[in-house]
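Trainee:
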Amino acid sequence: MKNVIFLIDNAFNQDPRVVREAVLLKNAGYKLIVFALKEKGYSFFEHFEGICVYRIFDHRIFDFKKRAYHKRIAKKISLFSPDILHCHDQTMLNIAAFIKKELPSVTLIYDSHELFKYWPINYSSNAGLWLKIKSWLVRKYEVYREQKNSKHIDFLITVNHSLANILKKEFRLNTKPTVLRNIPEMNGTKTGQTLEINGTIKVAYIAAGIYPKSLNLEQALIQLGSDKNIEVHLFGGYKGDPEYFKNLVKSQNLNVIFHGKIMPEKIMDALQTCHIGLVTTWNKKDLSYWLALDNKLFHYIHAGLPILSTAQPEYVEIVHKYNVGVCINPEISTFIEGLNKIIQHYENYKKNISKAAQQLNWENESQILLNLYNDIYSTS
Numbered sequence: 001m002k003n004v005i006f007l008i009d010n011a012f013n014q015d016p017r018v019v020r021e022a023v024l025l026k027n028a029g030y031k032l033i034v035f036a037l038k039e040k041g042y043s044f045f046e047h048f049e050g051i052c053v054y055r056i057f058d059h060r061i062f063d064f065k066k067r068a069y070h071k072r073i074a075k076k077i078s079l080f081s082p083d084i085l086h087c088h089d090q091t092m093l094n095i096a097a098f099i100k101k102e103l104p105s106v107t108l109i110y111d112s113h114e115l116f117k118y119w120p121i122n123y124s125s126n127a128g129l130w131l132k133i134k135s136w137l138v139r140k141y142e143v144y145r146e147q148k149n150s151k152h153i154d155f156l157i158t159v160n161h162s163l164a165n166i167l168k169k170e171f172r173l174n175t176k177p178t179v180l181r182n183i184p185e186m187n188g189t190k191t192g193q194t195l196e197i198n199g200t201i202k203v204a205y206i207a208a209g210i211y212p213k214s215l216n217l218e219q220a221l222i223q224l225g226s227d228k229n230i231e232v233h234l235f236g237g238y239k240g241d242p243e244y245f246k247n248l249v250k251s252q253n254l255n256v257i258f259h260g261k262i263m264p265e266k267i268m269d270a271l272q273t274c275h276i277g278l279v280t281t282w283n284k285k286d287l288s289y290w291l292a293l294d295n296k297l298f299h300y301i302h303a304g305l306p307i308l309s310t311a312q313p314e315y316v317e318i319v320h321k322y323n324v325g326v327c328i329n330p331e332i333s334t335f336i337e338g339l340n341k342i343i344q345h346y347e348n349y350k351k352n353i354s355k356a357a358q359q360l361n362w363e364n365e366s367q368i369l370l371n372l373y374n375d376i377y378s379t380s
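Residue numbers (the working numbering): 1 to 380.
Structure (structure tokens):
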């Protein structure tokens, strides 16, 4: 039996990317165990679609000072004797590094969903000076720790080629990174059910967190929300600083509706109430944003929504290649100009989106992960 352990710093069930990967590997014949975070509303043990999920981590995993706790947890996990240790993001890499010391022959896969080193610290609008200094110092240490632990990485997975090229150099990897995008399954696609534009144009923006200034979201909300014929529907936004944006909307009387937290299985239905999907992370200073490839891009495609996006390299690659929307440089163009271009060719974009979904789906993308695992086992 091929024994695989996943390490993840959340409760697992509501992380679609990790769930997709886990279910895929289980169905391919791998014996998979997931070690996840204890969270309210979730049991210590769960049998999830044939996968054993143990929620053994508490919030001490996020405290860099709790080194002894990390080592103790690692020793417990080592007793399961995995062949492959697949860790998601930098906190779990630290635990995986301790496990690797216990089990030197284990193959360590680091699934890095972003450029942690270049990820900005998103402060709330009322954060004090001491909190900012403390957060900066913690981040500096965590970046150092990730770099130190990178020597234990055997294989790297990330979300696009821009990140893959940087991380290969940063971590001095001997193996080529695997690019695996977080794309929805075809069985949830609703490209044929999009609304006709008749009156108010509804623009969707979906994100777990909304942060002041770093995403350029303010400019998009002000420009779009000031038009009486446009409504911006914000799904999620429960992390970050939602009150800052609610105050902005109220003070400028913008047509923006906050829908709050939305469960992953409800995303497509929510997007189906809108006409256009918005992606905005115009931030040249922070590479992790500038080179991002947001999941929401693929959610919009599978919901059948033409995309209005800022013109970062990875967004342009998808939007222009498949001709599914308009990318703007918000320094010289407005979101309204981009939206008007979409409206002029709306039906054509919808047709193109339907074709794009046939290529950009998890059923196709998943083969990349299977190939990586099969290659590891064939050479071990």
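Where a beta carbon is used, it is the ideal one built from N, C-alpha and C, also for glycine.
Within 10 angstroms of the Cβ of tryptophan 282, are there 16 or more other Cβ atoms? Answer buried if so, exposed if not.
Mentor: On the sequence shown, position 282 is the one that residue 282 refers to. That one is buried.
Trainee: Run through DSSP, which three-state label would glycine 240 get?
Mentor: Counted from its first residue, the sequence shown places residue 240 at position 240. Three-state DSSP puts glycine 240 in a strand.
Trainee: Beta-carbon within less than 7 Å of glycine 240's beta-carbon, same chain only, minus the 5 sequence neighbours each way: which residues are those?
Mentor: Looking up residue 240 in the sequence shown gives position 240. Answer for glycine 240: Asn122, Gly209, Ile210, Tyr211, listed in chain order.
Trainee: Skipping 5 residues on each side, what residues in its chain have a beta carbon closer than 7 Å to that of tyrosine 69?
Mentor: Here the question's residue 69 lines up with position 69 in the sequence shown. Same-chain partners within the cutoff: Arg60.
Trainee: DSSP three-state label for threonine 379, please.
Mentor: One-based indexing of the sequence shown puts residue 379 at position 379. Threonine 379 falls in the helix class under three-state DSSP.
Trainee: Measuring straight from C-alpha to C-alpha, what distance separates isoleucine 267 and asparagine 361?
Mentor: Mapped onto the sequence shown, residue 267 falls at position 267. Mapped onto the sequence shown, residue 361 falls at position 361. When rounded, the distance between both Cα atoms is 16 Å.
Trainee: Run through the DSSP bridge pairs and tell me what valine 279 is partnered with.
Mentor: On the sequence shown, position 279 is the one that residue 279 refers to. Its beta-bridge partners are Ser309.
Trainee: Helix, strand or coil: which one does DSSP assign to lysine 284?
Mentor: The residue labelled residue 284 in the question sits at position 284 within the sequence shown. The answer is coil: DSSP assigns lysine 284 none of H, G, I, E or B.
Trainee: The alpha helix (DSSP H) that contains alanine 382, what's its start and end?
Mentor: Given that the chain is displayed from residue 1 to residue 380, the structure contains no residue 382 and the question cannot be resolved.
Trainee: Does the Cβ-Cβ distance between alanine 96 and leucine 108 come in under 8 Å?
Mentor: Walking along the sequence shown from the start, residue 96 turns up at place 96. Walking along the sequence shown from the start, residue 108 turns up at place 108. Cβ distance < 8 Å, so alanine 96 and leucine 108 count as in contact.
Trainee: With the cut-off set at 8 Å, would you say glycine 325 and lysine 296 are in Cβ contact?
Mentor: Numbered from 1 along the sequence shown, position 325 holds the residue referred to as residue 325. Numbered from 1 along the sequence shown, position 296 holds the residue referred to as residue 296. Cβ atoms of glycine 325 and lysine 296: not closer than 8 Å.
Trainee: Quick check on the DSSP output: the beta strand (DSSP E) that includes valine 387 runs from which residue to which?
Mentor: Here the chain comprises residues numbered 1 to 380, so residue 387 is not present and cannot be evaluated.
Trainee: Thinking just about the alpha-carbon of each residue, which of Gln344, Leu115, Thr334 is nearest to the one in lysine 387?
Mentor: It is not possible to answer for residue 387, since the shown part of the chain is limited to 1 through 380.
Trainee: Roughly how many angstroms lie between the CA atoms of asparagine 253 and tyrosine 244, to the nearest whole one?
Mentor: As a first step, residue 253 must be located in the sequence shown, where it is residue number 253. As a first step, residue 244 must be located in the sequence shown, where it is residue number 244. Cα-Cα distance, rounded: 14 Å.
Trainee: At the level of alpha carbons, what is the spacing between tyrosine 21 and serine 78?
Mentor: As a first step, residue 21 must be located in the sequence shown, where it is residue number 21. As a first step, residue 78 must be located in the sequence shown, where it is residue number 78. For the record, residue 21 in the displayed sequence is glutamate; it is not tyrosine. Their backbone Cα atoms lie some 22 Å apart in a straight line.
Trainee: Measure the Cβ-Cβ separation of tyrosine 118 and phenylalanine 64 and say whether it is below 8 Å.
Mentor: Taking the first residue of the sequence shown as 1, we reach residue 118 at position 118. Taking the first residue of the sequence shown as 1, we reach residue 64 at position 64. No. Outside cutoff.
Trainee: Hey, quick one: how far does the alpha helix (DSSP H) through threonine 158 stretch, first residue to last?
Mentor: Start at 1 with the first residue of the sequence shown, and residue 158 comes out as number 158. Here threonine 158 belongs to no alpha helix (DSSP H); instead the beta strand (DSSP E) covers 155 to 158.
Trainee: Among the candidates Pro184, Pro242, Ser354, Gly338, whose CA atom is the shortest distance from the CA of glutamine 223?
Mentor: Locating residue 223 in the sequence shown gives position 223, counting from the first residue. Among Pro184, Pro242, Ser354, Gly338, the Cα nearest to that of glutamine 223 belongs to Gly338.
Trainee: Could you check how far apart the C-beta atoms of glutamate 49 and valine 23 are, in whole angstroms? I think they sit under 8 Å.
Mentor: Working through the sequence shown from its first residue, we reach residue 49 at position 49. Working through the sequence shown from its first residue, we reach residue 23 at position 23. That belief holds up - the Cβ atoms of glutamate 49 and valine 23 are roughly 6 Å apart, short of 8 Å.
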